[in-house]
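Chemist: Here's a structure for you.
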């Protein structure tokens with residue numbers, strides 16, 4: 001598709017809208033398991049308990065729906081606009097120290113941000129929001145996805161900028177992103193704390209520089225955030241935890257990976273760490289219980305909006 005990269009000024013026919021403005025488009029996209037935006041993610045995504053409970057509520061309230069953004073392209077005739085990129089996010093409250101500094105971001109990453117943000121919203125809906133209730137001071141991204149047909153157009157950068165502007169408009173001091181490094185699945189046995197310090201394959205840095213192209217991260221998604229002005233805040237070692245039985249995993253993966261242990265790493269407690277397609281880490285299989293657990297590490301990227 002020969003389309004020039006997008007800038008802040010969108011070409012004719014392209015728009016950024018929120019789920020508050022176009023709930024119909026949001027629902028049509030997110031309820032369609034075959035939509036290109038949904039197919040960006042592995043099928044086991046969305047399998048955590050927190051996501052099952054709270055993700056469907058993101059468009060349900062005005063104060064959260066307005067932070068779910070879509071890039072849409074107008075279609076001919078009466079055909080509804082096509083959603084080609086989407087960013088999900090939620091306002092959260094981060095405790096502040098006596099010195100006025102934000103406390104460290106949670107180890108739980110995306111799931112914990114979703115849990116924190118939705119509990120704030122539900123408390124407000126239940127009438128528990130008063131002068132003593134913690135108020136949102138940070139916008140946390142949850143996911144950013146781009147239709148593969150529309151990549152290399154600057155849509156990810158556009159959505160990052162959109163989230164930053166939305167956070168600033170709401171009076172929040174930070175935008176944080178539990179980033180899922182896009183090339184990490186090629187290196188599932190590399191510890192995330194080591195991986196983020198690579199500037200090119202096999203090269204580690206002793207710190208995480210923010211200036212100069214040569215010092216930017218090897219990973220494309222982390223590099224994108226650094227280029228947009230973010231800093232690496234910390235590793236989120238358990239951003240998602242998905243534990244299901246073998247039958248469920250086999251359905252998600254389309255194959256029974258539990259029959260072949262040749263590539264497994266055996267632990268002393270009897271569990272086996274199996275390779276997982278599209279996983280950033282291995283799948284932990286407990287044959288005795290017939291269950292497998294995937295714990296995904298992410299990387300907290302932080303934007304200072306002052």
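In UniProt numbering, the protein residues as written are 1 to 306. For glycine and all other residues, C-beta sits at the position ideal for the given N, C-alpha and C. Predicted model, so just to flag it, every value in this text is computed and none were measured.
When the Cα atoms are used, what is the spatial distance from residue 192 to residue 79?
Modeler: C-alpha separation (whole angstroms): 44 Å.
Chemist: For residue 174 and residue 262, I'd like the C-alpha separation in whole angstroms.
Modeler: Rounded to the nearest angstrom, the two C-alpha atoms are 46 Å apart.
Chemist: In the structure shown, what three-state DSSP assignment does residue 115 receive?
Modeler: Here residue 115 sits in helix by DSSP.
Chemist: How is residue 62 classed by DSSP in three states: helix, strand or coil?
Modeler: In the structure shown, residue 62 sits in a helix (DSSP, three-state: H, G or I).
Chemist: Can you tell me where the alpha helix (DSSP H) with residue 220 in it begins and where it stops?
Modeler: That run of the alpha helix (DSSP H) goes 220-227.
Chemist: Under 8 Å by Cβ, that's how I've got residue 65 and residue 122 pegged, so tell me the actual separation to the nearest angstrom.
Modeler: Contact doesn't hold; Cβ gap of about 14 Å is too wide.
Chemist: So, for residue 234: in the same chain, excluding its five sequence neighbours on each side, which residues have a beta-carbon less than 7 Å away from its beta-carbon?
Modeler: Contacts found: 104, 105 and 300.
Chemist: So, for residue 168: in the same chain, excluding its five sequence neighbours on each side, which residues have a beta-carbon less than 6 Å away from its beta-carbon?
Modeler: Excluding sequence neighbours, residue 168 sits near 305.
Chemist: Between residue 139 and residue 188, how many whole angstroms is the CB-CB distance? I'm expecting something under 8 Å.
Modeler: Incorrect: roughly 30 Å between the Cβ atoms, too far for contact.
Chemist: Check the DSSP bridge columns for residue 143 and list the partner residues they point to.
Modeler: Its beta-bridge partners are 88.
Chemist: By DSSP's criteria, residue 242 is part of a beta bridge. Which residues make up the other side?
Modeler: According to DSSP, which records beta bridges pairwise, residue 242 is partnered with 294.
Chemist: Per DSSP, which one or two residues make a beta bridge with residue 18?
Modeler: Beta-bridge pairing links residue 18 to 69.
Chemist: Using 8 Å as the Cβ pair cut-off and three pairs as the minimum, do the stretch 111-121 and the stretch 156-164 touch?
Modeler: No: the two stretches stay apart, fewer than three of their Cβ pairs being nearer than 8 Å.
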